[in-house]
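Heads up: the first sequence at position 98 corresponds to 98 in UniProt numbering, and the numbers run straight through without jumps.
We put the beta carbon where it would ideally sit given N, CA and C, even for glycine.
These numbers come from a predicted model, not from an experiment.
Just below is one structure, and these are the notes that go with it.
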Amino acid sequence: MANEKKDGAKPCATNKRKGLWSPDEDERLYSHITNYGVGTWSSVSELAGLKRSGKSCRLRWMNYLRPDLRKEPISKQEEGLIVSLQRVLGNRWSAIAARMPGRTDNEIKNYWNSRIKKKLRRMGADRDQTPETSQIAEKSAHCNTEDGNLDVTISYNNSANEKPHSHFPIFACQVTDEQNCEQAAHYSSLSKNNEMDLLVEGYVDFLMSLPDDVHADI
DNA sequence: AATCCAGACAACCGCTCTAGG
DNA sequence: CCCTAGAGCGGTTGTCTGGAT
Numbered sequence: 001m002a003n004e005k006k007d008g009a010k011p012c013a014t015n016k017r018k019g020l021w022s023p024d025e026d027e028r029l030y031s032h033i034t035n036y037g038v039g040t041w042s043s044v045s046e047l048a049g050l051k052r053s054g055k056s057c058r059l060r061w062m063n064y065l066r067p068d069l070r071k072e073p074i075s076k077q078e079e080g081l082i083v084s085l086q087r088v089l090g091n092r093w094s095a096i097a098a099r100m101p102g103r104t105d106n107e108i109k110n111y112w113n114s115r116i117k118k119k120l121r122r123m124g125a126d127r128d129q130t131p132e133t134s135q136i137a138e139k140s141a142h143c144n145t146e147d148g149n150l151d152v153t154i155s156y157n158n159s160a161n162e163k164p165h166s167h168f169p170i171f172a173c174q175v176t177d178e179q180n181c182e183q184a185a186h187y188s189s190l191s192k193n194n195e196m197d198l199l200v201e202g203y204v205d206f207l208m209s210l211p212d213d214v215h216a217d218i
């Protein structure tokens, strides 16, 4: 709860404190919100006796003080999920975080920038060429279950240079048991109906259900 | 012991979106 | 519609820490 780092906060031109939060500030913010709720963030700052912007209070609460945050490091399983979701959703960190309970967009973004991105680049698989959101909006899914392989592929229109399609796999594995076969059939029906949101949700659930050692070593 | 440097994380900035007047 | 304030988002910067020299 308490900020263990040194208090580097200093007032800015508008007389608002900036920089790292002190344990006292954390305590004030936490007890105010747990007792009275948020209301508006600018009022929280004032009512909690903080010389911080409402924006700063919101960020501190969302990224650090919220009781439902997971404190443990991001697991291998979650890392795989981040990579997969980034491929599907692009750099929409809040959308990715929404599918990972207890994790924040800031945490995921930092994790991506400091670790995964580097890791992918080392492997020559940097996905910075992920399609823009508008392109993702036009994407469609293909799911191939032939030959006992479950291969889920997202395709998207590349309107900029009018190439018909580019595609990138978000998931591929051997269908080895009954449960996977059912999953494959499920994906297949979703992709045929172009139900992208459900496909992504189902994919997330499936990924989370896998034991850690199943995840590909990216 | 001092310094440097890279990695990790916290926080800020600027922008967009949305709701209400 | 237009304007404004607040909220939220993603990119970027700042700060701290620990390891290497």
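- For K16, no pairing in a beta bridge is given by DSSP.
- Taking each of E46, I82 and R60 in turn and checking the Cα distance to A97, the smallest one comes out for I82.
- The count of Cβ pairs closer than 8 Å, one atom from the stretch 12 to 29 and one from the stretch 41 to 55, reaches three, so the stretches are in contact.
- Residue burial is scored here from C-beta neighbours: V38 has fewer than 16 other C-beta atoms within 10 angstroms and is therefore classed as exposed.
- Per DSSP, the continuous alpha helix (DSSP H) segment holding P23 begins and ends at P23 to Y36.
- Here the C-alpha atom of Q77 lies approximately 16 Å from the C-alpha atom of L120.
- For E72, no alpha helix (DSSP H) encloses it, and the DSSP letter there is neither H nor E.
- Collapsing the DSSP output to three states places G80 in a helix.
- Short of 6 Å from the beta carbon of Y30, and not among the five residues preceding or following it, lie these beta carbons of its own chain, in chain order: L65.
- Between R70 and R103 a beta carbon distance of about 6 Å is seen, short of the 8 Å cut, so the two are scored as contacting.
- Taking the C-beta atoms as reference points, I108 is found no nearer than 8 Å to E79.
- Between the alpha carbons of H32 and S43 lies a distance of about 11 Å.
- Taking each of W21, S22, D24 and W61 in turn and checking the Cα distance to T40, the smallest one comes out for W61.
- For S84, the number of other beta carbons within 10 angstroms of its own is at least 16, and it is reported as buried.
- DSSP places K51 outside both helix and strand once states are collapsed to three, so it counts as coil.
- Judged by beta-carbon spacing, D105 lies beyond the 8 Å limit of S114, meaning their Cβ atoms are not closer than that value.
- At least 8 Å separates the beta-carbon of Y36 from that of I74.
- Per the C-alpha coordinates, the member of T34, N63 and R28 positioned closest to E46 is R28.
- Counting along the chain, no alpha helix (DSSP H) covers D68, and no H or E run does either.
- The three-state reading of DSSP puts R103 in coil, since its state is none of H, G, I, E or B.
- According to the DSSP assignment, S94 belongs to the alpha helix (DSSP H) that extends over W93 to A98.
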